[in-house]
Amino acid sequence: MGNVREPDAKQVAMSGALIDWFGHAARDLPWRAPETSAWGILVSEFMSQQTQVERVIPHWLEWMERWPTPSALAADEPGEAVRAWKRLGYPRRALWLHRAAVEIAERHGDEVPADVDALLALTGIGPYTARAVAVFAFGDTHPVVDTNTRRVIARAVHGKAAAGMPAARDLDDMTALLPGEREAAAVFNAAAMELGATVCTARAPKCGDCPIAELCEWRGAGYPENAPAKRPKQASFEGSDRQARGKIMHLLRAATAAVDPVAALEAAAEGSSGGTTRDATQPQRALDSLIADGLVVEFEGRLRLP
DNA sequence: AAGCCGGGGGA
DNA sequence: TCCCCAGGCTT
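Take the first sequence: its position 58, counting from 1, is numbered 58 in the UniProt record's numbering, and each next residue is one higher.
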């Protein structure tokens, strides 16, 4: 981390403008209510990984009603967490959230730890989520770097259209903008994320609504079209293994009893008879990978959630 | 460093 | 159609 230096005048102007803007423009997300527990913050962060927050809201409300504490979730079967996850995507997150709840209940006295390193040690929590919980649940003064803040900094500070690959530099960039005062630092982290999510968007930024347009280097340079972020090209979802896995999970979530493996393989192949040749081994491969992930369990020759 | 992992919203 | 989304884990 090295020496912490005082933000310069432009950095102060930028963070100040973002904090002021956030005061009136922030979305009314339920976990932003002041009485939300650290557990509630942690759940919201798990659900929001690679998922737009608007889609998370109903799942979060239902989840917190049913499992208001880590120990409440830990007392239920992991499969119940996977079932309640519904179609949020990446169901491994539900499994990992359940594991994290067990770890918190067993190792931390049912209290979400406030320390970044302790958070990082929990299942499913990485650099982003650990700092997000430390900052948004406990008011700590770490830089929170997600896909939104990386894009905002790339544009406003570096004058580039898009962020490069994630790097250690991202944390330093965010730290340079972070106000020294504790409460302001937490609000600034949320404000930078909010700007990236609602105004400084990847596809069609609303620069007319931007509170830091006058300070933005990208705007000042005339919106140069730099090389786009080298994000790994995601394979088409249609016909993918991921889609096949999703179909099996959909069947198992809806099932009230363990299902015949043949039915699961048929579900995985559903819709694949559309003319183009498809990998005949895909259904079995999808099922095997789900079992390897612990999302599906073999039980007396049938399949069920864990 | 690269690949993999869901599903939906928006252009 | 393609790109993107409050990422993290495995190899």
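C-beta atoms are modelled at their ideal positions from N, C-alpha and C, and glycine is treated no differently.
Spell out the partners DSSP gives R304 in its beta bridges. Counting from 1 along the first sequence, the entry for residue 304 is found at position 304. Paired residue(s): V297.
Please state if the CB of A269 and the CB of P283 are separated by a distance shorter than 7 Å. Numbered from its first residue, the first sequence carries residue 283 at position 283. Numbered from its first residue, the first sequence carries residue 269 at position 269. In this structure, A269 lies closer than 7 Å to P283 by Cβ.
Which residues mark the beginning and the end of the alpha helix (DSSP H) in which K247 is found? Counted from its first residue, the first sequence places residue 247 at position 247. Looking at the DSSP string, the run of the alpha helix (DSSP H) that includes K247 is 241-254.
How about V145 and V135: do their beta carbons lie closer than 7 Å? For the purposes of this step, residue 145 is identified with residue 145 of the first sequence, where counting begins at 1. For the purposes of this step, residue 135 is identified with residue 135 of the first sequence, where counting begins at 1. Going by C-beta atoms, V145 is not nearer than 7 Å to V135.
Integer-rounded CB distance, given that R99 should sit under 8 Å from G124: Within the first sequence, the letter at position 124 stands for residue 124. Within the first sequence, the letter at position 99 stands for residue 99. Rounded, the Cβ-Cβ distance is 7 Å, consistent with contact.
Element boundaries [alpha helix (DSSP H), containing W39]: Here the question's residue 39 lines up with position 39 in the first sequence. Looking at the DSSP string, the run of the alpha helix (DSSP H) that includes W39 is 38-48.
Assign E181 to buried or exposed, taking buried as 16 or more other Cβ atoms, counted over all protein chains shown, within 10 Å of its Cβ. The residue labelled residue 181 in the question sits at position 181 within the first sequence. Per the 10 Å Cβ criterion, exposed.
When the Cα atoms are used, what is the spatial distance from R304 to M14? Indexing the first sequence from 1 puts residue 304 at position 304. Indexing the first sequence from 1 puts residue 14 at position 14. M14 has its alpha-carbon roughly 52 Å from the corresponding atom of R304.
Residues bridged to V259 [DSSP beta-bridge criterion]: Taking the first sequence and counting its residues from 1, one reaches residue 259 at position 259. Its beta-bridge partners are L303.
Return yes when the Cβ of M64 is within less than 7 Å of the Cβ of V56, no when it is not. Translated into the one-based positions of the first sequence, residue 56 becomes position 56. Translated into the one-based positions of the first sequence, residue 64 becomes position 64. Their beta carbons are not under 7 Å apart, which means V56 does not touch M64 by this criterion.
Tell me whether V133 is buried or exposed, calling it buried when 16 or more other Cβ atoms sit within 10 Å of its Cβ. Taking the first sequence and counting its residues from 1, the one referred to as residue 133 is at position 133. V133 is buried by the Cβ-count criterion.
Is T276 helix, strand or coil by DSSP? The count along the first sequence starts at 1 and reaches residue 276 at position 276. Only weak support exists for where T276 lies, its pLDDT of 46 falling under 50; the coordinates are left without a value.
Can you list, in chain order, the residues of its chain with a C-beta nearer than 6 Å to that of V297? Leave out the 5 residues immediately preceding and following it. For the purposes of this step, residue 297 is taken as the residue at position 297 of the first sequence. The residues are R304, P306.
7 Å CB neighbourhood of P78 in its chain, flanking five on each side removed: In the first sequence, counting from the first residue as 1, residue 78 sits at position 78. For P78, where only same-chain residues beyond five positions count, the Cβ hits under 7 Å are L95, H98, P306.
Give me the residue from V116, R245, T256 with the minimum Cα distance to S289. The residue given as residue 289 occupies position 289 in the first sequence. Per the Cα distances, R245.
Give the single residue among S71, P261, A197, R285 whose Cα lies nearest to the Cα of F299. Translated into the one-based positions of the first sequence, residue 299 becomes position 299. Considering only alpha carbons, the answer is P261.
Using 10 angstroms around the beta-carbon of G275, count the other beta-carbons present and answer buried if the total reaches 16, otherwise exposed. Residue numbering aside, residue 275 sits at position 275 when the first sequence is read from its first letter. Legend: pLDDT at G275 = 39, less than 50; position of this residue unreliable, value from coordinates given subsequently. Answer is exposed; the Cβ neighbour count stays below 16.
Host alpha helix (DSSP H) of H108 (start-end): Numbered from its first residue, the first sequence carries residue 108 at position 108. Taken as a continuous stretch (DSSP letters only), H108 belongs to no alpha helix (DSSP H), as it is neither H nor E.
Counting only the same chain and skipping the five closest in sequence on each side, list residues whose C-beta sits under 8 Å from that of L215. Against the first sequence, residue 215 aligns to sequence position 215. Setting aside the 5 residues that flank it on each side, L215 is surrounded in the same chain by K10, A13, M14, A17, A156, each with a C-beta closer than 8 Å to its C-beta; the list follows chain order.
Could you tell me whether the Cβ atoms of L137 and A74 are closer together than 7 Å? Position 137 of the first sequence holds residue 137. Position 74 of the first sequence holds residue 74. In the sequence under discussion, the amino acid at residue 137 is Ala, which differs from the Leu named in the question. Against a cut-off of 7 Å, the Cβ pair of A74 and A137 comes out as no contact.
Determine the burial state of F237: buried for a count of at least 16 other Cβ atoms within 10 Å of its Cβ, exposed for fewer. As a position in the first sequence, residue 237 is number 237, starting the count at 1. Answer is exposed; the Cβ neighbour count stays below 16.
For A258 and E80, the rounded distance between their alpha carbons: Sequence index remark: in the first sequence, residue 80 carries index 80 (1-based). Sequence index remark: in the first sequence, residue 258 carries index 258 (1-based). Take the alpha-carbon of E80 and the one of A258: they are about 14 Å apart.
Sub-7 Å separation of L251 and A267 beta-carbons: Taking the first residue of the first sequence as position 1, residue 251 is located at position 251. Taking the first residue of the first sequence as position 1, residue 267 is located at position 267. For L251 and A267, yes; Cβs fall inside 7 Å.
Is DSSP giving M148 helix, strand or coil here? Translated into positions along the first sequence, residue 148 becomes position 148. Note that residue 148 corresponds to Asn in the displayed sequence, not to Met. Correct three-state label for N148: helix.
Beta-carbon separation of E103 and L119 under 7 Å? Translated into the one-based positions of the first sequence, residue 103 becomes position 103. Translated into the one-based positions of the first sequence, residue 119 becomes position 119. Against a cut-off of 7 Å, the Cβ pair of L119 and E103 comes out as no contact.
Using C-beta distances below 6 Å, list every residue in its chain close to L265, excluding the 5 sequence neighbours before and after it, in chain order. Position 265 of the first sequence, counted from the start, is the residue given in the question as residue 265. If we look at L265 and ignore the five residues flanking it on each side, its Cβ neighbours are P283.
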